[in-house]
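Read the structure below first, then the notes.
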Amino acid sequence: MKKLTTLFAATALATLMAGSAWSKTFVYCSEGSPEGFDPGLYTAGTTFDAAAHTVYNRLLEFKKGTTEVEPGLAESWTISDDGLEYTFKLRPGVKFQTTEFFTPSRDLTADDVVFSYERQLKADNPWNKYIAGTSWEYAAGMGFPEVIKSVEKVDDLTVKFTLTRKEAPFLANIAMPFASILSKEYADKLQADGKMEQMNQMPLGTGPFAFVAYQQDAVIRYKANPDYWGGKQKIDDLVFAITSDASVRYQKLQAGECHLMPFPNAADVAKMKADPNLKVMEQAGLNVSYLAYNTTQAPFDKPEVRKALNKAINKQAIVDAVFQGAAQPAVNPIPPTMWSYNDKLEDDTYEPEVAKKMLEDAGVKDLSMKLWAMPVSRPYMLNARRAAELMQSDFAKVGVKVEIVSYEWAEYLDKSKAKDRDGAVILGWTGDNGDPDNFLDTLLGCNAVGGNNRAQWCNQEFDALVKKAKETSDPAERTKLYEEAQVVFKREAPWATIDHSLSVVPMRKNVEGFVQSPLGDFAFDGVDITE
Numbered sequence: 259m260k261k262l263t264t265l266f267a268a269t270a271l272a273t274l275m276a277g278s279a280w281s282k283t284f285v286y287c288s289e290g291s292p293e294g295f296d297p298g299l300y301t302a303g304t305t306f307d308a309a310a311h312t313v314y315n316r317l318l319e320f321k322k323g324t325t326e327v328e329p330g331l332a333e334s335w336t337i338s339d340d341g342l343e344y345t346f347k348l349r350p351g352v353k354f355q356t357t358e359f360f361t362p363s364r365d366l367t368a369d370d371v372v373f374s375y376e377r378q379l380k381a382d383n384p385w386n387k388y389i390a391g392t393s394w395e396y397a398a399g400m401g402f403p404e405v406i407k408s409v410e411k412v413d414d415l416t417v418k419f420t421l422t423r424k425e426a427p428f429l430a431n432i433a434m435p436f437a438s439i440l441s442k443e444y445a446d447k448l449q450a451d452g453k454m455e456q457m458n459q460m461p462l463g464t465g466p467f468a469f470v471a472y473q474q475d476a477v478i479r480y481k482a483n484p485d486y487w488g489g490k491q492k493i494d495d496l497v498f499a500i501t502s503d504a505s506v507r508y509q510k511l512q513a514g515e516c517h518l519m520p521f522p523n524a525a526d527v528a529k530m531k532a533d534p535n536l537k538v539m540e541q542a543g544l545n546v547s548y549l550a551y552n553t554t555q556a557p558f559d560k561p562e563v564r565k566a567l568n569k570a571i572n573k574q575a576i577v578d579a580v581f582q583g584a585a586q587p588a589v590n591p592i593p594p595t596m597w598s599y600n601d602k603l604e605d606d607t608y609e610p611e612v613a614k615k616m617l618e619d620a621g622v623k624d625l626s627m628k629l630w631a632m633p634v635s636r637p638y639m640l641n642a643r644r645a646a647e648l649m650q651s652d653f654a655k656v657g658v659k660v661e662i663v664s665y666e667w668a669e670y671l672d673k674s675k676a677k678d679r680d681g682a683v684i685l686g687w688t689g690d691n692g693d694p695d696n697f698l699d700t701l702l703g704c705n706a707v708g709g710n711n712r713a714q715w716c717n718q719e720f721d722a723l724v725k726k727a728k729e730t731s732d733p734a735e736r737t738k739l740y741e742e743a744q745v746v747f748k749r750e751a752p753w754a755t756i757d758h759s760l761s762v763v764p765m766r767k768n769v770e771g772f773v774q775s776p777l778g779d780f781a782f783d784g785v786d787i788t789e
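For what it's worth, my numbering labels the leading residue of the sequence shown as 259, then goes sequentially.
Structure below.
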C-alpha cells in the first residue's frame with residue numbers, strides 16, 4: 259500500500275507539473291504533513307505554512323522579510339490612552355474564497371473576527387471543542403483567555419478588543435498564524451449540517467490561495483484566489499508535494515519536480531550553491547533548538563541533575579555533525595539576534611567527568627531515560643535522530659543509559675505535551691513575531707505547562723519577571739526584565755539549549771518574488787516563475 263500511495267502521488271505531481279503549459283503551477287516540496295488546516299488548533303510551522311500562510315489572513319500581517327506589523331484585514335487601528343482598548347477598522351469589500359464546497363454570500367465583517375477569537379477564548383462556545391483531543395494551545399500559551407476581556411462588534415467594519423491589562427506585544431501577537439480570521443458564515447453552515455470537523459479538513463478564508471484538495475501525506479493542492487483583496491497571484495496553482503526526506507527533496511529540486519524546498523541537509527548546501535540551475539537564500543534564523551527535561555519527574559525535578567546532564571552534552575559536536583557549521587551552540591532560550599538577549603551569561607561547559615561527579619553528588623546512579631527525537635527536519639534541528647545519537651553517546655560516558663524514541667510528527671507533538679511524559683524531548687522554536695515574549699512566556703511560562711512548555715516547568719520567579727515585562731511599555735525596562743529572566747532560566751536549567759541555526763532556502767533559478775522570512779514561514783503570495 260505504501261508503494262501504491264507513493265506511485266499515485268508521483269503520478270499526480272507529474273500531471274500537475276505538465277499542466278503548467280497552460281497555467282503556472284508552483285510546486286513546493288514541503289517537509290511534512292499538516293496536523294490539520296485550522297491554524298488556531300496547532301503550533302507547528304508545517305501546519306501554519308499549509309493553512310495560515312495560504313488560505314487565511316490576520317487583522318495585521320508581518321511585512322515581508324521583517325517582524326514589523328502592517329495592515330492586513332484591518333486597514334487601521336487605534337489604542338486607548340490607558341492601553342486597554344484596541345479598535346480596528348476592517349477593509350471594506352474583502353471577499354471569502356469561493357470553492358467547490360462553499361459559496362459565500364457576503365464579504366468579511368466584524369462578525370467573522372468576533373467568531374474567530376471567541377471560539378478560542380470561551381469554553382461554552384460551540385466551536386471551542388469541535389476537534390476531539392485538541393486545544394487552543396497557542397492562544398492559551400499567549401495568555402489570551404486571561405488578557406482579552408472581550409471582543410465586540412462595533413459595526414460591520416469595526417471591532418473592539420478590551421484587555422484586562424496592558425499587553426506590550428499585543429499587536430504582534432494578533433499578526434501570528436493562530437489568530438487567523440475564519441468565515442462565520444461557513445462555520446454556521448457546517449454546524450447546521452453536523453459537519454463541524456470539516457473546518458479542519460476543508461479550510462476557507464480570505465487569503466491568496468484557496469484550498470482544493472489534500473491527499474494525506476502526499477499532496478496538497480491550492481488555486482489562486484481570483485477575488486483576493488491583495489490582487490490575484492501570478493501563479494495559478496500551488497502544490498505542496500509532501501516529501502519528508504531532505505535528500506529526496508533535493509533530488510526533486512534538481513530534477514525540476516519542485517521549485518523550492520525547505521531545510522536542506524547541511525552537506526548538500528555547497529553543491530546547491532554551485533548548481534547553475536539553483537539559487538540559495540540564507541539568513542540568521544530567529545530560532546532555538548533545545549532538549550526539554552520533564553521537570554516534574556524524578557530525577558529531572560532537581561536543577562542540579564539537569565545541569566549535570568547539560569555539562570555532559572557536547573553541543574559543538576552536534577552543531578558540527580548536523581549543521582556543518584551553519585549554526586552555533588545556544589546559550590540562552592532566545593537567539594542572539596533578538597533584542598534583550600543576555601550576552602553576559604556563560605554557557606554550560608562540556609565536562610563529562612564533572613558531570614559524572616555532579617550526578618553522583620545528587621544521588622543519581624544507574625539512570626535510564628528516554629530521549630525523544632523529532633521525525634522531521636526543522637530549521638532549528640535538521641536531523642534530530644543524529645543529534646539524539648550523539649547525546650546518547652555523551653550520556654553513556656557519564657553512566658546514563660538512553661533509549662531513543664520517536665513518533666509520527668503530529669503524534670510526537672501531541673504526546674510530548676503530556677505532563678507525565680517520561681525523559682527529555684528534542685524540540686525547538688522559530689519566533690512568530692520577533693518579541694522575546696514569544697519565546698520566554700510562550701515556551702516557558704506557567705500558563706504554557708501542558709502545552710508549549712514541554713519542560714512542564716513553572717518557576718514563580720521567572721514567571722513574574724516575564725509577566726511584568728508583558729505589561730511594561732518601556733523597551734529599556736522590558737529588556738532588563740527579560741535579561742533577569744534569562745539568568746533564572748540558566749540557573750534552573752529546564753532545558754539543555756542546543757543551537758541557533760542559519761536558515762537556508764534553496765530554489766530553482768526561475769523563481770522570483772520569494773521573500774525569506776525571519777520568522778521561518780514559507781508564504782508564496784507574490785511569487786512567480788519565469789521561463
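The beta carbon of each residue, even a glycine, is placed where N, CA and C say it ideally should be.
Values in this document were obtained by computation on a predicted structure and should not be read as measured data.
Compare the Cα-Cα distances from residue 571 to each of 559, 442, 789 and 549 and report the closest residue.
-> It is 549.
Taking the DSSP output, what are the residues bridged to residue 328?
-> According to DSSP, residue 328 bridges with 319.
Separation of residue 660 from residue 267, as counted between CA atoms = Because the pLDDT at residue 267 is just 43, under 50, the model does not fix this residue reliably, and the value given afterwards should be weighed accordingly. Between the alpha carbons of residue 267 and residue 660 lies a distance of about 37 Å.
Inspect the CB distances between the region 661 to 675 and the region 288 to 305 and report whether three or more fall short of 8 Å.
-> Contact between the region 661 to 675 and the region 288 to 305 is present, because at least three Cβ pairs lie under 8 Å.
When 424, 686, 317 and 302 are compared against residue 732, the one with the closest alpha-carbon = Ranking 424, 686, 317 and 302 by Cα distance to residue 732 puts 424 first.
Could you name the residues of the same chain whose beta carbon sits closer than 6 Å to that of residue 538, not counting the 5 residues immediately before and after it, in chain order?
-> Its chain contains 530, 531 and 764 as the residues whose beta carbon lies nearer than 6 Å to that of residue 538, once the 5 sequence neighbours on both sides are disregarded; these appear in chain order.
Could you spell out where the alpha helix (DSSP H) holding residue 563 opens and where it closes?
-> Start and end: 561 to 570.
Ends of the beta strand (DSSP E) at residue 661?
-> For residue 661, the uninterrupted beta strand (DSSP E) segment begins and ends at 659 to 663.
Test item: CB-CB of residue 308 and residue 493 under 8 Å | No, the Cβ-Cβ distance between residue 308 and residue 493 is not below 8 Å.
Would you report the Cα separation of residue 719 and residue 691, rounded to the nearest angstrom?
-> Going from the Cα of residue 719 to the Cα of residue 691 covers about 25 Å.
DSSP state of residue 687 mapped onto helix, strand, coil | Residue 687: strand per DSSP, three-state reduction.
Nearest to residue 758 (by Cα), restricted to the options 663, 587, 629 and 647 | Put simply, of 663, 587, 629 and 647 the residue whose alpha carbon is nearest the alpha carbon of residue 758 is 587.
CB residue 439 to CB residue 299, shorter than 8 Å?
-> No, these two residues do not count as a Cβ contact at 8 Å.
What runs of the alpha helix (DSSP H), each 4 residues or longer, lie entirely inside the region 594 to 642?
-> Fully enclosed alpha helix (DSSP H) runs of 4 or longer: 610 to 619.
Going along the chain, which unbroken runs of the alpha helix (DSSP H) with 4 or more residues stay wholly within the region 717 to 774?
-> For secondary structure counted as the alpha helix (DSSP H) over 4 or more consecutive residues, the region 717 to 774 holds these complete runs in sequence order: 718 to 728 and 733 to 750.
Among 760, 557 and 362, which one has its Cα closest to the Cα of residue 637?
-> With distances taken between CA atoms, residue 637 lies nearest to 760 out of 760, 557 and 362.
One or two residues paired with residue 539 in a DSSP bridge | According to the DSSP secondary-structure assignment, residue 539 is paired through a beta bridge with 763.
Looking only at C-alpha atoms, which of 360, 581, 504 and 514 sits nearest to residue 446?
-> Nearest option by C-alpha distance: 360.
Could you check which residue in 412, 382 and 565 has the C-alpha nearest to that of residue 620?
-> The alpha carbon of residue 620 has as its nearest neighbour, out of 412, 382 and 565, the alpha carbon of 565.
Pick helix, strand or coil for residue 587, following the three-state DSSP scheme.
-> Residue 587: strand per DSSP, three-state reduction.
Mind checking whether residue 684 and residue 642 have CB atoms under 8 Å apart?
-> Residue 684 is a Cβ neighbour of residue 642, given a cutoff of 8 Å.
Nearest-angstrom Cα separation, counted from residue 594 out to residue 698 | Their backbone Cα atoms lie some 14 Å apart in a straight line.
For residue 313 and residue 352, the rounded distance between their alpha carbons | Residue 352 and residue 313: Cα-Cα distance of roughly 14 Å.
Excluding the 5 residues preceding and the 5 following residue 449 in the sequence, name in chain order all residues of the same chain whose CB lies nearer than 7 Å to its CB.
-> Excluding residues within five positions, the ones whose Cβ falls inside 7 Å are 384.
Whose CA, out of 581, 344, 546 and 430, lies closest to the CA of residue 523?
-> The candidate whose alpha carbon is nearest that of residue 523 is 581.
Find the nearest neighbour of residue 287 within the set 487, 748, 686 and 517, judged by alpha-carbon distance.
-> The shortest C-alpha separation from residue 287 is found at 517.
Residue closest to residue 607, alpha-carbon to alpha-carbon, out of 658, 496 and 756 | The candidate whose alpha carbon is nearest that of residue 607 is 756.
Go ahead and label residue 543 buried or exposed: buried means 16 or more other beta carbons lie within 10 angstroms of its beta carbon, across all protein chains shown.
-> Residue 543 counts as buried, since at least 16 other C-beta atoms from the protein chains shown sit within 10 angstroms of its C-beta.
State the CB to CB distance for the pair residue 592 and residue 546, rounded to an integer number of angstroms; the pair is presumed to be in contact (CB under 8 Å).
-> Right, the Cβ-Cβ distance comes to about 7 Å (below 8 Å), so this counts as a contact.
Please state if the CB of residue 502 and the CB of residue 663 are separated by a distance shorter than 8 Å.
-> The beta carbons of residue 663 and residue 502 sit no closer together than 8 Å.
First and last residue of the uninterrupted beta strand (DSSP E) at residue 471 | Start and end: 467 to 473.
What residues in its chain sit with their C-beta under 8 Å from that of residue 569, if we drop five residues either side in the sequence?
-> Cβ neighbours of residue 569 beyond the five flanking positions: 606, 607, 608, 609, 610, 612, 613 and 616.
With a cut-off of 8 Å, do at least 3 Cβ pairs link the region 401 to 421 to the region 503 to 513?
-> No: fewer than three Cβ pairs fall under 8 Å.
Which parts of the region 394 to 462 are runs of the beta strand (DSSP E), unbroken and 3 residues or longer, counting only runs that do not cross its ends?
-> The region 394 to 462 is shown to contain whole beta strand (DSSP E) runs of 3 or more residues at 406 to 413 and 416 to 421, in chain order.
Would you call the CB atoms of residue 223 and residue 348 closer than 8 Å?
-> Only positions 259 to 789 of the chain appear in this structure, which leaves residue 223 out of reach.
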